[in-house]
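Peer 1:
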Amino acid sequence: MQGIKARFFYLSLTLLTALTLISSPVLANSAEEQQKVVAASQKLDINQASAEQLVSLPGIGPARAAAIIEMRTSQGDFSSLADLQKVSGIGPATLRELEPLISF
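Numbers -28 to -1, 1 to 76, taken from mature numbering (1 follows the signal peptide of the UniProt record, and there is no 0), label the letters of the sequence shown in order.
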């Protein structure tokens, strides 16, 4: 009887371990998706954002992030989308993507 209990215990432990390993990537993806939803619901202040934060926005790569920071440093804070459009490489299409994600 003890042999059966021991086998059942080890089989259960093996199954639990396998399920944990299989579900870990699913849970990680779910957490990443939740993080994206939370990030999207919180607007990024374009006048305070770091280069790393700016690069997380759609259509903004390292060069545009640097240009945004350079312009706000040299000319002062952005106060509107029109101000932001003065940055080289940011046009109407990019502004449409950025509008719901940023604040001034």
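Virtual Cβ for every residue (Gly too), placed ideally from N, Cα, C.
Measuring alpha carbon to alpha carbon, tell me which of Ser28, Leu70, Ala37, Arg44 ends up nearest Asn19.
Peer 2: For the residues Ser28, Leu70, Ala37, Arg44, the minimum Cα distance to Asn19 belongs to Arg44.
Peer 1: May I ask you to report which of helix, strand or coil DSSP gives Asp55?
Peer 2: Here Asp55 sits in helix by DSSP.
Peer 1: Does the beta-carbon of Ile62 have 16 or more other beta-carbons within 10 angstroms, so that it is buried, or is it exposed?
Peer 2: The residue is buried, with at least 16 neighbouring Cβ atoms inside 10 Å.
Peer 1: What are the boundary residues of the alpha helix (DSSP H) that includes Ala21?
Peer 2: It is not in any alpha helix (DSSP H) - Ala21 carries neither H nor E in the DSSP assignment.
Peer 1: In the DSSP assignment, what residue or residues form a beta bridge with Ile74?
Peer 2: DSSP output for Ile74 lists Leu16 as bridge partner(s).
Peer 1: Quick check: the Cα distance between Lys15 and Leu26, rounded to an integer number of angstroms?
Peer 2: 12 angstroms
Peer 1: Measuring CA to CA, which of Pro72, Thr(-15), Gly33, Ile74 is closest to Ser60?
Peer 2: Gly33
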